[in-house]
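Reading through the structure tokens given below for one structure.
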Amino acid sequence: MNFRFLGRSGLKVSEISFGNWLTHGSQVEEDAALACVKAALDTGITTFDTADVYAGTKAEAVLGRALKGQRREGYDQNDRGLSRKHIIESIHGSLRRLQTDYVDLYQAHRFDAETPLEETMLAFADIVRQGKALYIGVSEWTAEQITAGAKLARELHVPFVSNQPQYSMLWRVIESKVVPASDAEGMGQIVWSPLAKGVLTGKYQPGQPPPADTRAATKQGAMFMTSFMTDDVLTRVQQLKPLAKEAGLSLAQLSIAWVLQNKSVSSAIIGATRPEQVLDNVKATGVKLDADLLRRIDAIIGPVVERDPGQTSSPDRRP
Ligand SMILES: NC(=O)c1ccc[n+]([C@@H]2O[C@H](COP(=O)([O-])OP(=O)(O)OC[C@H]3O[C@@H](n4cnc5c(N)ncnc54)[C@H](OP(=O)(O)O)[C@@H]3O)[C@@H](O)[C@H]2O)c1
98 MNFRFLGRSG
108 LKVSEISFGN
118 WLTHGSQVEE
128 DAALACVKAA
138 LDTGITTFDT
148 ADVYAGTKAE
158 AVLGRALKGQ
168 RREGYDQNDR
178 GLSRKHIIES
188 IHGSLRRLQT
198 DYVDLYQAHR
208 FDAETPLEET
218 MLAFADIVRQ
228 GKALYIGVSE
238 WTAEQITAGA
248 KLARELHVPF
258 VSNQPQYSML
268 WRVIESKVVP
278 ASDAEGMGQI
288 VWSPLAKGVL
298 TGKYQPGQPP
308 PADTRAATKQ
318 GAMFMTSFMT
328 DDVLTRVQQL
338 KPLAKEAGLS
348 LAQLSIAWVL
358 QNKSVSSAII
368 GATRPEQVLD
378 NVKATGVKLD
388 ADLLRRIDAI
398 IGPVVERDPG
408 QTSSPDRRP
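First residue of the sequence shown: 98, per the numbering used here; consecutive thereafter.
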């Protein structure tokens with residue numbers, strides 16, 4: 098089955114829809130009706146048409162029985178992106194799985210170039226008005242996308258308050274454009290991978306395989322860490338260790354404290370595989386790093402820092 102966008106919306110419909118006027122509840126028996134719907138589902142049809150006037154409401158009742166138990170969100174075509182359908186279905190699924198009635202902050206993941214931003218923002222606004230999320234935000238949107246989203250949020254009178262980008266000593270791509278655009282809209286950064294996925298703990302040595310029981314030693318983890326796992330980066334990270342020691346910090350604490358020196362950062366999201374890591378990392382809270390130390394950090398790792406704002410990007414099409 099092929100799928101098409103419905104007009105300019107982010108909703109995808111199957112190219113062939115199934116309708117039940119004059120058939121269900123009227124011309125054909127229940128068994129045949131159910132078999133036809135099953136055949137439609139088996140061929141990949143996801144779009145069904147019915148109406149209360151068909152067979153004086155009986156057609157709807159037959160279709161209801163035929164589709165009972167089908168997972169509404171189950172179709173790959175609509176099960177991703179920032180269409181109204183996916184956003185509304187997603188919040189319901191998330192609240193159910195999290196066993197809660199509302200979340201404080203609901204953030205759109207990557208920008209969806211295939212859905213009009215108006216549709217996305219209206220869906221988010223409806224979720225806020227229903228009390229299912231109190232605030233909304235985004236993740237890894239460009240400065241232009243943030244500015245456009247903020248304009249719509251203002252018109253819709255909903256609190257658009259955060260961006261969630263990758264940010265660390267080694268990955269500073271948000272500094273030149275995303276942060277100024279967010280600041281202008283009063284949005285805070287909740288940053289991910291402040292330890293560059295573990296690299297900024299200093300536990301990976303240049304020229305040596307990653308220690309067992311580390312993310313870089315796993316296939317999936319290594320895939321996300323290639324840009325940091327070069328001898329040049331790892332050598333420079335080792336050179337940061339004496340600076341951390343001087344400041345009375347572990348390198349992990351220094352690295353997390355570093356992102357928190359940026360006033361536009363509201364929170365650093367840490368990951369952990371062991372409780373000791375959490376206990377180590379949280380000691381970065383409240384730490385003030387002086388200007389001289391920040392300069393010395395930059396003198397060591399400056400040449401390997403990624404600063405290109407073009408690294409903030411979303412796919413042109415839904416994956
Ligand atoms: N919005 C998005 O697109 C997005 C994308 C990615 C992540 N995130 C969020 O950000 C969170 C954090 O990302 P992240 O896990 O990459 O953050 P991170 O803090 O940079 O890396 C965490 C990893 O580093 C290692 N580690 C942490 N503390 C350590 C310590 N004190 N000593 C030694 N090793 C230590 C651990 O891995 P090992 O022990 O396995 O080495 C840990 O799992 C994610 O869980 C997710 O919630 C969001």
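The beta carbon of each residue, even a glycine, is placed where N, CA and C say it ideally should be.
Whether residue i touches residue j by CB criterion (7 angstroms)
i      : j      : result
Ile367 : Asn378 : yes
Pro146 : Ser114 : The sequence as given places Asp at residue 146; Pro does not occur at that position. Yes, these two residues count as a Cβ contact at 7 angstroms.
Glu178 : Thr143 : In the sequence under discussion, the amino acid at residue 178 is Gly, which differs from the Glu named in the question. Contact: no.
Arg312 : Gly295 : yes
Ala354 : Leu386 : yes
Leu202 : Gly234 : yes
Ala369 : Phe325 : no
Gly246 : Ser363 : no
Leu337 : Ile397 : yes
Val134 : Ala163 : yes
Asp329 : Val270 : no
Phe208 : Ser411 : yes
Gln350 : Ala381 : yes
Leu103 : Ser180 : no
Pro303 : Leu331 : yes
Gly122 : Ala152 : yes
Ala230 : Val200 : yes
Ala62  : Val275 : Residue 62 cannot be examined here, being either before or after the span of the chain that is shown, 98 to 416.
Ser361 : Asp280 : yes
Phe100 : Gln174 : yes
Ala278 : Thr244 : yes
Any non-hydrogen atom of ligand 1 closer than 6 angstroms to residue i Cβ
i      : result
Leu292 : yes
Asp377 : yes
Ser324 : no
Thr298 : yes
Gly246 : no
Gln426 : There is no way to answer for residue 426, as the model of the chain reaches only from 98 to 416.
Thr382 : no
Ala349 : yes
Gly295 : yes
Arg312 : yes
Ser236 : yes
Trp289 : yes
Gly178 : no
Thr370 : yes
Ile367 : yes
Gln302 : no
Gln261 : yes
Gln374 : yes
Anticipated Cβ contact below 8 angstroms, residue i with residue j, distance rounded
i      : j      : result
Leu249 : Leu214 : 6 angstroms
Asn260 : Ser236 : 7 angstroms
Glu252 : Ser106 : Glu252 to Ser106, Cβ: 19 angstroms. No contact.
Pro406 : Ser273 : 5 angstroms
Leu340 : Leu390 : 6 angstroms
Leu267 : Leu219 : The Cβ separation is near 38 angstroms, so there is no contact.
Proximity test, Cβ basis, 7 angstroms: residue i and chain C
i      : result
Gln196 : You won't find chain C in this structure, because it holds only one protein chain.
**OP:** Scan the stretch 189-261 and note each continuous beta strand (DSSP E) run of 3 residues or more that stays entirely inside, going in chain order.
**Re:** Counting only runs of 3 or more, we get 200-205, 230-235 and 257-260.
Subject >> Length-filtered (4 minimum) alpha helix (DSSP H) runs lying within the stretch 309-337 >> reply: With a minimum length of 4 residues, the unbroken runs of alpha helix (DSSP H) contained wholly in the stretch 309-337 fall at 316-320.
**OP:** Would you list, in sequence order, the uninterrupted beta strand (DSSP E) runs of no fewer than 3 residues that lie entirely inside the stretch 361-396?
**Re:** Entirely contained in the stretch 361-396, the beta strand (DSSP E) runs reaching 3 residues are, in chain order, 362-366.
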